[in-house]
Amino acid sequence: MKIATWNVNSLKVRLPHVLDWLAATQADVLCLQETKTEDKGFPYAELQAAGYHAVHNGQKTYNGVAILARSTPDDVLLDIPGFADEQKRVIAATVNGLRIVCAYMPNGQAVGSDKYEYKLRWLAALADHVREELKTWPRLALLGDYNIAPDDRDVHDPVAWKDQILCSEPERAAFRSFLDVGLSDAFRLFEQPEKTYSWWDYRQMGFRLNRGLRIDHILLSAPLAAVCGSCSIDRAPRKLERPSDHAPVIASMEIAG
DNA sequence: ATGGCTTGAGTGTCAAGA
Numbered sequence: 001m002k003i004a005t006w007n008v009n010s011l012k013v014r015l016p017h018v019l020d021w022l023a024a025t026q027a028d029v030l031c032l033q034e035t036k037t038e039d040k041g042f043p044y045a046e047l048q049a050a051g052y053h054a055v056h057n058g059q060k061t062y063n064g065v066a067i068l069a070r071s072t073p074d075d076v077l078l079d080i081p082g083f084a085d086e087q088k089r090v091i092a093a094t095v096n097g098l099r100i101v102c103a104y105m106p107n108g109q110a111v112g113s114d115k116y117e118y119k120l121r122w123l124a125a126l127a128d129h130v131r132e133e134l135k136t137w138p139r140l141a142l143l144g145d146y147n148i149a150p151d152d153r154d155v156h157d158p159v160a161w162k163d164q165i166l167c168s169e170p171e172r173a174a175f176r177s178f179l180d181v182g183l184s185d186a187f188r189l190f191e192q193p194e195k196t197y198s199w200w201d202y203r204q205m206g207f208r209l210n211r212g213l214r215i216d217h218i219l220l221s222a223p224l225a226a227v228c229g230s231c232s233i234d235r236a237p238r239k240l241e242r243p244s245d246h247a248p249v250i251a252s253m254e255i256a257g
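Just so it is clear: in the first sequence, position 38 is 38 by this note's numbering, and no numbers are missing.
See the structure below:
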């Protein structure tokens, strides 16, 4: 069974890339972030024709998250229970007995800003929520755009980015809080090439110069980490015309799809 | 140089991303 996550930066613009990628990878589950559309603009029919069910938590212009799955998603939950939030950043569903939590974590804009404070509060609320979800679903994966580079290895220029947004110590501590509830970073379960990133700035030839950050992650609970056979970042879609600024992350597990 | 692209909104130009 293959599960994946991809910040598509507008599903309307990126749908052809998504359909091509699904056909190429045969992923069983794909979590999307930044769909940037309400439900009425969501391409349910095109995805159905490609063999995927879809559940969506959308809004106009910003945010928006979806889970695409070959099997029917059940027990769909939107947002973080008990956390008041206008922004549509979380959708969860059960697929093939796995709890899939898809999250678009706040960017934070700048360390010390109001948005940064919101980011840290939001991350704490999600960690509490995941701790609860694990009691019901021990087989859980938290996939998405974390907007956190967990380690200096995940940053093309750690000196320039030191204590900056996406790399600050409180953000990294928030990332570790997900590990503390029992999840593992699937990417780091395996040997990986150095300088592997999942996001590159559109400007200044960021991708060509590999000036990137690894901020998109798949975290797995212990029973899933035990059966995870690989995890990688697929740079291919970033090379296409009109790409998302993010690349998809995919993990495969020894579970019947 | 508070920029450098890209998107959505909406038709001039700004907010937001990371």
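Ideal Cβ placement from N, Cα and C applies to all residues, glycine included.
As the structure is a prediction and not an experimental result, all values here were calculated from the model.
query, result
"C-beta contact flag for Ala92 and Arg99 at 8 Å", "yes"
"Proximity winner among Ile3, Met105, Met1 and Leu15, relative to Leu240 (alpha-carbon distances)", "Leu15"
"8 Å CB neighbourhood of Phe42 in its chain, flanking five on each side removed", "Leu11, Thr35, Ala54, His56, Gly58 and Ala66"
"Bridge partner(s) assigned by DSSP for Met253", "Cys228"
"Nearest-angstrom Cα separation, counted from Val130 out to Ala225", "16 Å"
"Asp114 burial status per 10 Å Cβ neighbour count (16 or more: buried)", "exposed"
"Pick from Arg208, Trp122, Gly212 and Val101 that is closest to Leu77, judged by C-alpha positions", "Val101"
"Residue from Ser221, Pro193 and Pro106 whose Cα sits closest to the Cα of Asn63", "Pro106"
"Beta-carbon proximity of Asp145 to Tyr116, cut-off 8 Å", "no"
"Within 8 Å, strictly: CB atoms of Ala4 and Pro248", "yes"
"His129 - DSSP class collapsed to helix/strand/coil", "helix"
"Length-filtered (4 minimum) alpha helix (DSSP H) runs lying within the segment 31-61", "44-49"
"Three or more C-beta pairs below 8 Å linking the segment 173-182 and the segment 118-133", "yes"
"Integer Cβ distance of Leu219 from Leu142, believed to fall under 8 Å", "4 Å"
"When Cys228, Phe83, Asp28 and Val18 are compared against Phe190, the one with the closest alpha-carbon", "Cys228"
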